[in-house]
Amino acid sequence: MKKISSNPRSAVSTIAVVAIVVVIIVVAAVGAYAAVGMNKTSTVTSVVTSGTTATVSTTAVSSVTNTVTSSVTSSVTNTVTSSITNTVTSTASSTVSISLTSTLPSETVLETGSSLLYPLFNLWAPAFNAQYSTVKITPASSGSGTGQSSAETGTVQIGGSDPYLTNAIQLTYPYILNIPVAVSAQQVDYNVPGLAASIHLNFTGQVLAAIYNGSITTWNNAQIKALQSASVAASLPSTTIIPVVRSDSSGDTSLFTYFLSQTNPGWSATIGYGNTVNWPKVNGEQSGTGNGGMVTTCEQYSGCISYIGVSYLVSATTGTPALGYAYLANKAGNFVNISKVNIQSAVNAVAPSTPADERISLEYAAGATSYPIVNFEYAMVSRNQNVTGMALTLRTLLEWAISPQYGNSATYLNQVNFVPLPASVVQLDLAQINEITGP
Amino acid sequence: MPKTPLTDQVYKYLTALLCCSAILFIFIIALVLIKYSYPSFAVWGLNFFTTTVWNPALNGNIIYKYGIAYMSGSSYGMLVFFFGTLASSGIAILLGVPTSLAIAIFLTQVAPRRIVAPISFLVELLAGIPSVVLGFWGLLVLGPFLLHSLEPAMSTYLGWIPLFSGHVYSYGFIASGLILALMIVPIVASISRDVMAQTPTELKEGAKALGSTNWEITRKVVLPYARTGIFGAVILGLGRALGETMAVAMVSGFAHYLPTSLYSAINTMAAEMALSLDGSFTDPSGMYVSALVELAVVLLVITMIVNVVARAFVKQGFVRSAEGVIRV
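Protein chains in written order, with our numbering: chain A, 1 to 439; chain B, 440 to 767.
Written as structure tokens, this is what we have:
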């Protein structure tokens, strides 16, 4: 103490001198880094462009052989009221056979993103590791936006996302592949006093939009009653409707608002869709963080209505009080249940028109039994890998994930209520996966 | 001039260098914040501070103003978050400060010596609870309790007071205010206790000799003496409340409009940043990220000012009571 204070002026000048030197060094370093960084970016872009144009030549590197023996024909017959426990006898599983490489180099694959996809990746990671002991996968639940941006900047190898990249973002990052790995869906849940959770209310996109923009405020509103059977309509109470929205930015919000936009020109023009939207001001509107938060919030308020990912269907319908879930009007005008067969019909309706880059919405699909809020869960992967052996590892991992024998089997998908990819989509996936190249 | 040994030279420059790294870090943070928030500052200007519509319009088209990209139809106004931050912290001060002062007075003036240490320990332990744990408690226990018990009673019996009437909701103003109050009590109580303990015994004995009661000694000697320090402690608590993120994000109710009653949902600047960060990455124009960073700049400036003021007061409080020995 005394030593320093005996010569305060020299101490001050020492700090000042060192500070100035450090500032100069850092400024120079930052400048140099910025210059290098700029060069780096331009290199990446040029690599990317060449990568996109020269995809054919890259197939030689792949050590995996893919055989697609026949295209899918949907043999599933749906009844509108089929229950969620229905299991699909997928014709897809018998038509695609993927032979995987037997050994992989030692790698750690980082995955982050969609909280809806996370539980599935968490099931896949140990199973893949059991088959390929050299590869470790670290899944993280951080949100679709983080998944996208982490894949774009290369901080992770796989970014999980509910929505595919928008045109604007895809143009900025042309080297990112959007690879569907499973099919998810979303239900509309409610907590209406006096209504048994086993009774499914019917909803159209128009009525849901009217609830979420505040023009329908009570459960016994004539517009809601008009959609129900006479006995259900008579039992609807005069309770105020409490719409619940996601407080955190979420792919679920994007799916729900996209459905509202598809069914309502007015909603599309004023609110639109996105992970975060400017919700209309509704008196009493509540919010939940994450799908779990949506369930908790809805359980608290009698009169609530909310949109929740299908992996939470069981927890929503078995809580206290149990929440009911709706039958939604599809494009054909039928009210359909969120059953696996109905989700499958929606996918099968869109599958033939899926483009090569697989960026397509499955929502509000054609078909008498198609469930309207359905989506691909995407793995965002850069086609240019720079770590030795990583490209082969990623190709094998993704092929394993979409394979009906492994990752897309009922063993994993049934646990999260997801539906397997149809064979034609698996085929498109394989073509995209083969574009992943690197040393 | 005597030759200094090499070890002393190394010691001198090494410590100075590490000292500078901390200062430098603040500068780098400031530079990064300015760089990233610039597009938002430039495009939205004063509207950022005076409007309430926060709409990223993620499915719009990219348009340009002064060469800066943003989404058509988007609008960024921070007033809702600004108000929510100040109002929730205000409730926290209103509820937390009287409690903290009661704790400090009890510990320094009333409590028998042997229970002072355990009670102080327990109060300071409250500061060690991670905010996410408090938030979790707020989410699962406090929210439903407010919704089903406290707020209906307040609405029924106090409904004649403006702001106390209307629909009741679990998450919002009251939940955030209560959680924040819990968080600032340990800070305000422990600093106030330290300042009060500095009151010279001669003054208290003098007051006693003049026939003052214990309450009169506290009110007329101890509190006036410790006033500056207590004020500093309160401001320091305010700084904590303003910047708190996680606990508030969990119980604020995520409002995107100004509250209409005491039961309304709110949103704070820190909570908005935490909850929206993921979605901001899906904005192709990058404006959403920039607007969140501008929010961070505003919050940083507010908390910095509050902390500087608080430290000045607390320091002065100690200087005055301890004859020039600076303790803070």
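We put the beta carbon where it would ideally sit given N, CA and C, even for glycine. Quick caveat: nothing in here was measured; it's all calculated off a predicted structure.
Should Leu260 of chain A be listed as close to the ligand ATP, given that the test is whether its C-beta is under 7 Å from any heavy atom? Although the ligand ATP was asked about, the structure shown includes no ligands whatsoever.
Just to confirm the assignment: which complete beta strand (DSSP E) runs, minimum length 3, are found wholly within the stretch 126-172 of chain A? 135-141 and 158-161
Quick one, are the C-beta atoms of Val555 of chain B and Val627 of chain B less than 8 Å apart? Locating residue 555 of chain B in the second sequence gives position 116, counting from the first residue. Locating residue 627 of chain B in the second sequence gives position 188, counting from the first residue. No, the pair does not count as a contact, with Cβ atoms beyond the cut-off.
One or two residues paired with Ala379 of chain A in a DSSP bridge: Position 379 of the first sequence holds residue 379 of chain A. DSSP lists A:Gly160 and A:Ile179 as partners of Ala379 of chain A.
Please state if the CB of Gln223 of chain A and the CB of Ala479 of chain A are separated by a distance shorter than 8 Å. A question about residue 479 of chain A goes unanswered here, because the residues of chain A that appear run from 1 up to 439.
Can you pull out the residues from the stretch 268-280 of chain A whose beta carbon lies closer than 8 Å to at least one beta carbon of chain B? Gly272, Tyr273, Gly274, Asn275, Thr276, Val277, Asn278 and Trp279
Can you name the residues that DSSP bridges to Ile305 of chain A? The sequence position of residue 305 of chain A within the first sequence is 305, counting from 1. Beta-bridge partners of Ile305 of chain A (DSSP): A:Tyr190 and A:Pro243.
Less than 8 Å between the CB atoms is what I'm expecting for Val426 of chain A and Ile402 of chain A, so what's the real figure, rounded? Numbered from its first residue, the first sequence carries residue 426 of chain A at position 426. Numbered from its first residue, the first sequence carries residue 402 of chain A at position 402. The pair is a contact, with the Cβ atoms about 5 Å apart (cut-off 8 Å).
Nearest to Pro372 of chain A by alpha carbon, out of A:Ser150, A:Thr263 and A:Gln405? The residue you call residue 372 of chain A lines up with position 372 of the first sequence. Among A:Ser150, A:Thr263 and A:Gln405, the Cα nearest to that of Pro372 of chain A is on A:Thr263.
Name the residues in the stretch 162-185 of chain A whose C-beta lies less than 7 Å from a C-beta of chain B; which are they? Thr166, Ala168, Ile169 and Thr172
Does Glu762 of chain B pass the burial test, meaning 16 or more other C-beta atoms within 10 Å, or should it be called exposed? In the second sequence, residue 762 of chain B corresponds to position 323, counting from 1. Because the pLDDT of Glu762 of chain B is 47, which lies under 50, any placement of that residue in the model is unreliable, and the number read from its coordinates should be weighed accordingly. Flag for Glu762 of chain B reads exposed.
Can you tell me which of the three DSSP states Trp483 of chain B falls into? Taking the second sequence and counting its residues from 1, one reaches residue 483 of chain B at position 44. In the three-state scheme derived from DSSP, where H, G and I count as helix and E and B as strand, Trp483 of chain B is classed as helix.
Does DSSP put Thr81 of chain A in a helix, in a strand, or in coil? For the purposes of this step, residue 81 of chain A is identified with residue 81 of the first sequence, where counting begins at 1. The predicted position of Thr81 of chain A is uncertain, since its pLDDT is 37 and thus under 50; a value taken from the coordinates is nonetheless stated next. Coil, per DSSP.
Check whether the Cβ of Leu619 of chain B lies closer than 8 Å to any Cβ atom in chain A. To locate residue 619 of chain B, count along the second sequence from 1; it is residue 180. No, Leu619 of chain B does not count as interfacial toward chain A.
CB contact flag (Gly682 of chain B, Ala704 of chain B, <8 Å): Position 243 of the second sequence, counting from 1, holds the residue named residue 682 of chain B. Position 265 of the second sequence, counting from 1, holds the residue named residue 704 of chain B. For Gly682 of chain B and Ala704 of chain B, no; Cβs fall outside 8 Å.
Straight-line Cα distance separating Gly718 of chain B from Ala168 of chain A: Taking the first residue of the first sequence as position 1, residue 168 of chain A is located at position 168. Taking the first residue of the second sequence as position 1, residue 718 of chain B is located at position 279. The alpha-carbon atoms of Ala168 of chain A and Gly718 of chain B are separated by roughly 15 Å.
CB-CB under 8 Å to Ala431 of chain A, same chain, minus the five flanking residues each way: which ones, in chain order? Residue numbering aside, residue 431 of chain A sits at position 431 when the first sequence is read from its first letter. Non-local beta-carbon contacts of Ala431 of chain A in its own chain, meaning distances under 8 Å to residues more than five positions away in sequence, involve Ala356 in chain order.
Taking beta-carbon pairs under 9 Å, can you tell me which members of the stretch 565-595 of chain B lie near chain A? Those residues of the stretch 565-595 of chain B that come within reach of chain A (Cβ to Cβ, closer than 9 Å) are Leu578, Leu579, Gly582, Pro583, Leu586 and His587.
Please classify Gln432 of chain A: does DSSP put it in a helix, a strand, or coil? Sequence index remark: in the first sequence, residue 432 of chain A carries index 432 (1-based). Gln432 of chain A carries a helical assignment under DSSP once its states are collapsed to helix, strand and coil.
For Ser142 of chain A, go through chain B and note every residue whose CB falls closer than 9 Å to its CB, in chain order. Mapped onto the first sequence, residue 142 of chain A falls at position 142. Here the neighbours are Asp717.
Measure the beta-carbon distance from Ala680 of chain B to Val634 of chain B and round it to whole angstroms, keeping in mind my assumption that it falls under 8 Å. Taking the second sequence and counting its residues from 1, the one referred to as residue 680 of chain B is at position 241. Taking the second sequence and counting its residues from 1, the one referred to as residue 634 of chain B is at position 195. Their Cβ separation, rounded to whole angstroms, is 20 Å, which puts Ala680 of chain B and Val634 of chain B out of contact at 8 Å.
So, do the stretch 296-306 of chain A and the stretch 190-198 of chain A have three or more beta carbon pairs nearer to each other than 8 Å? Contact between the stretch 296-306 of chain A and the stretch 190-198 of chain A is present, with at least three C-beta pairs closer than 8 Å.
Length at least 4, wholly inside the stretch 596-668 of chain B: the alpha helix (DSSP H) runs in chain order: Within the stretch 596-668 of chain B, the complete alpha helix (DSSP H) segments at least 4 residues long are 612-636, 640-648 and 653-656, listed from N- to C-terminus.
Can you list, in chain order, the residues of its chain with a C-beta nearer than 7 Å to that of Gly309 of chain A? Leave out the 5 residues immediately preceding and following it. Position 309 of the first sequence, counted from the start, is the residue given in the question as residue 309 of chain A. Non-local beta-carbon contacts of Gly309 of chain A in its own chain, meaning distances under 7 Å to residues more than five positions away in sequence, involve Leu116, Ser184, Gln186, Asp252 and Asn291 in chain order.
Endpoints, the alpha helix (DSSP H) within which Val109 of chain A is located: Walking along the first sequence from the start, residue 109 of chain A turns up at place 109. Per DSSP, Val109 of chain A belongs to no alpha helix (DSSP H); it is in the beta strand (DSSP E), Glu107 to Gly113.
Distance between Thr721 of chain B and Met510 of chain B (C-alpha atoms, nearest Å): Taking the first residue of the second sequence as 1, we reach residue 510 of chain B at position 71. Taking the first residue of the second sequence as 1, we reach residue 721 of chain B at position 282. Rounded to whole angstroms, Met510 of chain B to Thr721 of chain B spans 12 Å at the Cα level.
Suppose only complete runs of 4+ residues qualify. What are the alpha helix (DSSP H) ranges in the stretch 535-593 of chain B, listed by chain order? Runs found: 552-566 and 570-576.
Roughly how many angstroms separate the alpha carbons of Ala461 of chain B and Thr146 of chain A, rounded to a whole number? Translated into the one-based positions of the second sequence, residue 461 of chain B becomes position 22. Translated into the one-based positions of the first sequence, residue 146 of chain A becomes position 146. C-alpha separation (whole angstroms): 29 Å.
Please classify Asn283 of chain A: does DSSP put it in a helix, a strand, or coil? Residue numbering aside, residue 283 of chain A sits at position 283 when the first sequence is read from its first letter. Three-state result, Asn283 of chain A: coil.
What does Val295 of chain A pair with, by DSSP beta-bridge criteria? In the first sequence, the residue the question calls residue 295 of chain A occupies position 295. BP columns for Val295 of chain A are empty, so no partner.
DSSP three-state assignment for Gly319 of chain A, whether helix, strand or coil: Mapped onto the first sequence, residue 319 of chain A falls at position 319. Gly319 of chain A falls in the coil class under three-state DSSP.
Helix, strand or coil for Met390 of chain A per DSSP? Start at 1 with the first residue of the first sequence, and residue 390 of chain A comes out as number 390. If DSSP states are grouped into helix, strand and coil, Met390 of chain A belongs with the helices.
Quick check: what's the CA-CA separation for Ser559 of chain B versus Phe488 of chain B? Locating residue 559 of chain B in the second sequence gives position 120, where the first residue counts as 1. Locating residue 488 of chain B in the second sequence gives position 49, where the first residue counts as 1. Cα to Cα, Ser559 of chain B sits roughly 42 Å from Phe488 of chain B.
Quick one: measure Cβ to Cβ for Thr398 of chain A and Ile179 of chain A, integer angstroms, because I've assumed they're closer than 8 Å. What you label residue 398 of chain A is simply residue 398 of the first sequence in a count that begins at 1. What you label residue 179 of chain A is simply residue 179 of the first sequence in a count that begins at 1. Contrary to the premise, residue 398 of chain A reads as Leu rather than Thr in this sequence. Yes, Leu398 of chain A and Ile179 of chain A are in contact; Cβ-Cβ is about 6 Å, under 8 Å.
Pull up the distance between the alpha-carbon of Leu445 of chain B and that of Ser250 of chain A, whole angstroms please. On the second sequence, residue 445 of chain B is found 6 positions in, with the first residue counted as 1. On the first sequence, residue 250 of chain A is found 250 positions in, with the first residue counted as 1. Roughly 59 Å between the two C-alpha positions.
Residues of the stretch 144-157 of chain A in Cβ contact with chain B at a cutoff of 9 Å, in chain order, please. Ser144, Gly145, Thr146, Gly147, Gln148, Ser149, Ser150 and Glu152
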